[in-house]
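So the sequence shown is numbered by my numbering: it starts at 13 and just counts up by one.
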Amino acid sequence: MAAIPAVAPAPGLPPPSPPMEQPRRRRPCVLFSFAAARDRFLRHRFFSAGLRPFSVRLPSPAGTSTVVHLWAPPLPARRPVLLLHGFGASATWQWAPYLRSLLAAGLDPIVPDLLFFGASSSTLPERSETFQARTIKAAMDGMGVRRFPVVGVSYGGFVGYRMAAMYPEAVKRVVLVSSGVCLEDQDLAAGLFPVADVGEAAELLVPRRPAEVRRLVKLTFVRPPPVMPSYFLKDYINVMGSDHIQEKTELLFSLINERKLSDLPKIRQPTLIVWGEQDQVFPMELAHRLERHLGDNSRLVVVKNAGHAANIEKSKEVCKIIVDYFQEPDSSVSMGGRRGSSADGGKF
13 MAAIPAVAPA
23 PGLPPPSPPM
33 EQPRRRRPCV
43 LFSFAAARDR
53 FLRHRFFSAG
63 LRPFSVRLPS
73 PAGTSTVVHL
83 WAPPLPARRP
93 VLLLHGFGAS
103 ATWQWAPYLR
113 SLLAAGLDPI
123 VPDLLFFGAS
133 SSTLPERSET
143 FQARTIKAAM
153 DGMGVRRFPV
163 VGVSYGGFVG
173 YRMAAMYPEA
183 VKRVVLVSSG
193 VCLEDQDLAA
203 GLFPVADVGE
213 AAELLVPRRP
223 AEVRRLVKLT
233 FVRPPPVMPS
243 YFLKDYINVM
253 GSDHIQEKTE
263 LLFSLINERK
273 LSDLPKIRQP
283 TLIVWGEQDQ
293 VFPMELAHRL
303 ERHLGDNSRL
313 VVVKNAGHAA
323 NIEKSKEVCK
333 IIVDYFQEPD
343 SSVSMGGRRG
353 SSADGGKF
């Protein structure tokens, strides 16, 4: 495997150690686990697409540890694109359907697990999206990737937006999919969301029981599965959703508590906003609010017949929107005021 060049670290962090091949995590032995089988299948899709798992161990204060697990090409990326997942399982579950199309378009996906998801972890007490952004930027430095666009889904969009604000010299363009970065904590009390407070939001997004998973799926999909047996849901929770529950809950509290639009920086990079028309988690009002906040440097595309999980429910359409956007020349991507919609089989 070719050596990955070293680059300057993110401000405020010492140089990260070289990335290491990441061994497979061992799961507890059970008779048969559908979730574990699907996890293996999705990992295989990443391998077959030519990506390999790495761990980047970042320098931390004595007695602490921060490790970012990611998937990346084994050779230095030609046209890297950073893909950031949302709440839920690890990155492989959310980005596997996108790999082939991105690679065919000449893009090299770099797909990390955000801290406290998948195999990424930290013993540091920080929980803000700023900490996530700083950590992912340091991991990109460790992989020798200097400049890149970022695509963030839901919570991943919060992290991607913060990266664009903190590192404008590194982040070229931004795509935000179903990402309510313009929300305010007062929106919960105002009834904009299906939850009334941060605690209820944590129960929804970090489910521990089958009934909570059912509620989450029904809220995020326009056409949820008609039958969701408790056995399968318990299996999913045990295999993919039982790690770092406390830390994930703290991430949500840090994200929402005392959040104000007036504190949100206005990023300067060209930004594509992609939103499911029937999103119940982050309603369309937040998409329009974000478009107003960014002004002429942004463009909104509405995906028809899709909810918050538009990236999964309409993965082919959302992937085409992203690829088409990255194929546009730099001179045209910042044209504001353009809006589009995507329907089944149609162009936006």
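Each residue gets a CB set at the ideal place from its N, CA and C atoms; glycine is no exception.
Every value quoted in this text rests on a predicted model; they were computed, and no experiment measured them.
Which of the three DSSP states, helix, strand or coil, is assigned to residue i?
i    : result
T142 : helix
V225 : helix
R64  : strand
H256 : coil
F53  : helix
I5   : Because the chain here runs from 13 to 360, residue 5 falls outside it and cannot be looked at.
L87  : coil
V251 : helix
G154 : helix
S45  : coil
L12  : Outside the shown range of the chain (13 to 360) lies residue 12, about which nothing can therefore be said.
F233 : coil
Since residue i is in the alpha helix (DSSP H), which residue starts that stretch and which ends it?
i    : result
G168 : 167 to 178
V335 : 327 to 339
L217 : 210 to 217
T76  : Note, T76: premise wrong, no alpha helix (DSSP H); not H, not E.
A103 : 103 to 107
S113 : 111 to 116
L200 : 198 to 201
Considering just the uninterrupted stretch of the beta strand (DSSP E) at residue i, what are its terminal residues?
i    : result
R185 : 183 to 189
L94  : 92 to 96
D120 : 120 to 124
Whole angstroms is fine: what's the gap from residue i's alpha carbon to residue j's?
i    : j    : result
F362 : A108 : In the structure displayed, the chain extends from 13 to 360; residue 362 sits before or after that span and is not available.
S254 : A48  : 13 angstroms
P222 : L87  : 42 angstroms
G75  : P137 : 12 angstroms
V330 : R57  : 19 angstroms
R52  : T147 : 27 angstroms
W105 : A322 : 14 angstroms
E340 : I334 : 10 angstroms
W287 : F66  : 31 angstroms
R64  : V293 : 33 angstroms
E224 : E215 : 7 angstroms
P241 : F44  : 15 angstroms
N269 : L204 : 16 angstroms
P71  : T135 : 12 angstroms
S299 : I285 : As written in the sequence, residue 299 is Ala, which differs from the Ser given in the question. Each residue's Cα considered, the two are about 7 angstroms apart.
S310 : E303 : 6 angstroms
V186 : A177 : 11 angstroms
R227 : M155 : 39 angstroms
A61  : V314 : 29 angstroms
Once the 5 residues before and after residue i are set aside, which same chain residues still bring their CB inside 8 angstroms of it?
i    : result
P180 : I279, R280, Q281
A182 : K149, M152, R158, R159, F160, M175
H305 : C194, L273, L276, K278
Residues in its own chain within less than 6 angstroms of residue i by CB, not counting five upstream and five downstream?
i    : result
G118 : R91
D342 : none
V229 : P236
Q290 : V234, G319
Return the chain-ordered list of same chain residues with a C-beta closer than 7 angstroms to the C-beta of residue i, the five sequence neighbours on each side being excluded.
i    : result
V171 : L96, L126, E141, Q144, A145, I148, G164
R55  : T104
Answer with yes or no whether the minimum CB distance from residue i to chain D is below 8 angstroms.
i    : result
A176 : Considering every chain present, this structure includes no chain D. It has just one protein chain.
Would you check whether the ligand ATP has a heavy atom nearer than 7 angstroms to the C-beta of residue i?
i    : result
L273 : Ligands are entirely absent from the displayed structure, and the ligand ATP is therefore not among its contents.
What residue ranges within the region 288 to 318 form continuous alpha helix (DSSP H) runs of no fewer than 4 residues, ordered along the chain? 296 to 306
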